[in-house]
Amino acid sequence: MPVVVLDHVSIAYGHLPLLNDIALQVDARERVSLIGRNGTGKSTLLRVIDGEVAPDAGSIWRQPGVRTARLEQDVPLSAARSVFAVVADGLGGSEDDQHWRVDRVLSHLELSPDRIVDTLSGGEKRRVLLARALVSQPDVLLLDEPTNHLDITAITWLEEFLVDYPGAVIFVTHDRAFLQRIATRIVEIDRGRLLSWPGDYAGFLRKKEAWLANEAIHQVKFDKRLAEEEAWLRQGVKARRTRNEGRVRALTAMREERAARRAEAGSVRLQMERADPSGQLVIEADAISKAFGDKPVVRDFSTRVMRGDRIGLIGPNGTGKTTLLRLLLGAVEPDAGEVRRGANVQIAYYDQQREQLDPERTVFDTVGDGNETVTVNGQPRHVHGYLRDFLFPAERARSPVKALSGGERNRLLLARLFTRPANLLVLDEPTNDLDLETLELLESQLVEWPGTLLLVSHDRVFLDNVVTSTLVFEGHGRIQEYVGGYEDWLRQRNVDAPVGPARRDLRRKPRAGTAPGDSQPKKKLSFKEQREFDELPSHIEALEAEERQLNAAIADPEFYKEAADAIRRTLARLEAVHSELAVGYARWDALDARVVRR
15 MPVVVLDHVS IAYGHLPLLN DIALQVDARE RVSLIGRNGT GKSTLLRVID
65 GEVAPDAGSI WRQPGVRTAR LEQDVPLSAA RSVFAVVADG LGGSEDDQHW
115 RVDRVLSHLE LSPDRIVDTL SGGEKRRVLL ARALVSQPDV LLLDEPTNHL
165 DITAITWLEE FLVDYPGAVI FVTHDRAFLQ RIATRIVEID RGRLLSWPGD
215 YAGFLRKKEA WLANEAIHQV KFDKRLAEEE AWLRQGVKAR RTRNEGRVRA
265 LTAMREERAA RRAEAGSVRL QMERADPSGQ LVIEADAISK AFGDKPVVRD
315 FSTRVMRGDR IGLIGPNGTG KTTLLRLLLG AVEPDAGEVR RGANVQIAYY
365 DQQREQLDPE RTVFDTVGDG NETVTVNGQP RHVHGYLRDF LFPAERARSP
415 VKALSGGERN RLLLARLFTR PANLLVLDEP TNDLDLETLE LLESQLVEWP
465 GTLLLVSHDR VFLDNVVTST LVFEGHGRIQ EYVGGYEDWL RQRNVDAPVG
515 PARRDLRRKP RAGTAPGDSQ PKKKLSFKEQ REFDELPSHI EALEAEERQL
565 NAAIADPEFY KEAADAIRRT LARLEAVHSE LAVGYARWDA LDARVVRR
């Protein structure tokens with residue numbers, strides 16, 4: 015059943031339409047991911063659905079009584095109230111007995127309920143806004159970059175929360191693991207149009223590649239026909255005969271179609287300025303410790319960073335990842351131990367808080383530092399030309415930094431960073447606010463980077479694709495080194511380490527006694543319920559297997575060449591399987607909670 019329907023909706027800022035005659039239907043329990051380049055209108059579309067922004071044309075239908083809640087990408091929050099009070103606003107005046115929902119969400123998002131909002135950092139305030147949206151449990155949940163400023167543990171909890179969410183979810187994210195886990199449909203904003211792709215992100219990538227190839231072939235054929243018609247028109251007299259007026263009108267329409275064709279947005283071109291190689295030893299830390307008050311952040315930690323190492327730092331927010339970077343770079347002195355740097359180490363540091371950007375300076379001056387040219391890979395480049403590589407046209411280059419979006423500020427900081435000769439790159443959360451294409455381009459550049467890399471990130475796919483070892487913060491100042499990226503750490507880590515499950519464990523071993531928190535004795539399952547409980551795992555596994563087969567079929571480029579009825583039947587069956595799985599999971603959880611463990 016649809017909860018929101020957009021029909022022939024258009025909205026423009028400037029001379030080009032941001033959204034051009036689009037249509038979109040979102041059904042209950044759908045999880046729709048909006049993707050597209052920065053500036054294509056993803057956040058605007060969320061505002062239109064929420065009712066904050068009225069379209070220039072078209073209509074929006076919402077199911078009567080439907081409730082929406084929205085997390086904005088970048089919004090200031092100021093309040094002299096407690097975190098609990100601000101988040102509880104999302105309950106909409108519910109009774110106090112509903113406040114347990116606030117406690118649960120605050121716990122998972124690592125927010126102290128008694129803190130005053132105005133004393134929080136920007137990232138903490140954003141988590142407060144996310145918590146307020148989640149506790150309201152609306153019929154339509156609109157999330158703009160919900161994983162920004164969340165650590166991996168919080169992200170995996172949010173994934174589980176949204177997978178089981180009873181309402182519709184429409185979200186924007188650059189986190190590919192989160193996107194793959196959550197989305198049941200991908201909606202791409204491309205040059206003012208909406209393109210809907212049922213299935214997960216991996217299937218979308220395969221189908222989009224085939225679609226782009228077909229579009230290119232179509233445009234080549236169209237341009238060839240247009241050239242032939244233009245040549246015919248230049249013949250003059252024959253083209254003006256009455257019986258050919260229809261052909262002339264058709265040619266005029268083709269010209270208009272060609273003029274209206276908006277070329278695919280350009281890609282960011284990243285080139286890093288490289289310094290001469292450092293010595294073999296880049297950094298050595300010997301038994302360093304650092305504490306703030308009685309809280310140990312780094313305790314008795316030793317490591318050697320060698321030339322060419324690519325090290326990722328993993329850990330919950332607030333455990334000291336940025337502090338460790340600053341210790342290794344010499345910006346902070348350890349309380350004990352010693353840090354030594356090797357020969358010819360030249361550092362380029364990407365700051366998580368973007369403190370290196372002066373909001374009053376223009377984009378041009380931020381990169382050029384008063385000069386008209388910059389040097390990239392030993393070659394002089396005019397600043398305007400270099401900024402175009404990062405998708406800043408001349409008029410945007412004259413804008414002050416404070417007028418930029420989060421994604422634009424991120425690109426600007428990367429542009430400035432890559433003009434500086436370096437053989438040690440230190441990147442603290444570089445992926446926030448980047449669109450998927452720019453993120454993947456940055457990833458490919460770092461893979462080819464010949465120098466040394468220290469990287470803080472909560473993006474699991476990014477870590478897996480870039481780093482060769484990880485430093486994991488395991489609590490109380492203890493830091494452990496593991497070979498490989500995030501998935502490698504999961505395989506090697508202590509099984510008791512906190513991490514969100516990817517799937518329910520339908521075959522977990524019985525535990526002795528009752529579960530912690532059980533206050534009432536459990537009623538033994540009846541014979542029929544016990545039989546159902548025993549058969550549920552195989553039933554769920556069969557549904558999961560069918561779900562994988564259906565997703566694979568839908569991901570095949572040949573799928574959309576089938577008859578319309580066949581396509582509808584397959585998509586309907588996939589939706590039915592999703593519903594049956596949700597029922598099966600819920601039933602298994604309900605029966606499992608009543609199993610008496612011995």
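Numbering-wise (my numbering), the sequence shown opens with residue 15 and increments by one. Where is the CB? At the ideal position from N, CA and C, for every residue including glycine. No experiment lies behind these values; they were computed from the predicted model shown.
- Counting other Cβ atoms within 10 Å of its Cβ, V470 reaches 16 or more and is therefore classed as buried.
- Listed in chain order, the non-local C-beta contacts of R324 below 7 Å within the same chain comprise L467, V480, V481, T482, local neighbours out to five positions each way being set aside.
- Counting along the chain, the unbroken beta strand (DSSP E) around A350 starts and ends at 350-355.
- Setting aside the 5 residues that flank it on each side, R412 is surrounded in the same chain by T376, each with a C-beta closer than 6 Å to its C-beta; the list follows chain order.
- Taking all protein chains in view, the Cβ of Q87 is crowded by 16 or more other Cβ atoms within 10 Å, so the residue is classified as buried.
- Counting along the chain, K309 sits inside the beta strand (DSSP E) bounded by residues 309-320.
- Non-local C-beta neighbours of G55 in its own chain, meaning closer than 8 Å and more than five positions away in sequence, comprise I25, L32, L33, I203, G206, ordered along the chain.
- Distance from the Cα of L588 is smallest, within the candidate group V353, T58, V397, R199, for R199.
- Per DSSP, the unbroken beta strand (DSSP E) holding L469 starts and ends at 466-470.
- Per DSSP, the beta-bridge partners of V23 are I36.
- A direct Cα-Cα distance of roughly 15 Å separates L125 from T161.
- By DSSP's assignment, K304 forms a beta bridge with V312.
- With a cutoff of 9 Å on beta-carbon distance, N424 and N391 are scored as not near each other.
- Beyond the five residues adjoining it in sequence on each side, D300 comes within less than 6 Å, by CB distance, of S316, G351, E352 in the same chain, given in chain order.
- Within the same chain, V101, A102, G104, L105, R115, V116, V119 come within 8 Å of V149 by CB-CB distance, once the 5 residues on both sides are set aside.
- In the structure shown, L164 adopts coil according to DSSP, grouped into three states.
- Minimum Cα-Cα distance from S92 among the listed residues F541, L209, E422, L134 corresponds to L134.
- Inclusion of W503 and T484 in the CB contact set at 9 Å is warranted, their separation being smaller than that value.
- Assignment of G136 by DSSP, reduced to helix, strand and coil, places it in the helix class.
- Taking the CA atoms as reference points, R505 sits about 45 Å from V388.
- The shortest C-alpha to C-alpha distance from I169 to any of E242, L426, R195 is the one to R195.
- The C-beta distance from T337 to V311 rounds to 5 Å, short enough to meet the 8 Å contact threshold.
- Per DSSP, the continuous alpha helix (DSSP H) segment holding Y500 begins and ends at 500-506.
- The criterion of a C-beta distance shorter than 9 Å is satisfied by L60 and L156.
- Secondary structure in the stretch 167-226: the beta strand (DSSP E) runs of 3 residues or longer, each lying completely within the stretch, are 182-186, 199-204, 207-212 in chain order.
- Contact check for L342 and Y363: beta-carbon distance about 11 Å, past the 8 Å limit, so the pair fails to qualify.
- The stretch 167-187 and the stretch 434-444 do not touch, with fewer than three beta-carbon pairs separated by less than 8 Å.
- In this structure, the straight-line span from the alpha carbon of D372 to that of R355 is close to 30 Å.
- The C-beta of F404 has 16 or more other C-beta atoms within 10 Å across all chains shown, which makes the residue buried.
- The C-beta of F306 has fewer than 16 other C-beta atoms within 10 Å across all chains shown, which makes the residue exposed.
- Boundaries for I63: no beta strand (DSSP E) harbours it, while the alpha helix (DSSP H) harbouring it runs 56-64, taken from the DSSP string.
- According to the DSSP secondary-structure assignment, Y496 is paired through a beta bridge with T484.
- In the DSSP assignment, W75 is bridged to V19.
- Secondary structure note for D403: its alpha helix (DSSP H) is the uninterrupted segment 397-403.
- Across the structure, F476 and T187 are spaced so that their CA atoms are roughly 14 Å apart.
- Per DSSP, D606 is one residue of the alpha helix (DSSP H) stretching across 578-606.
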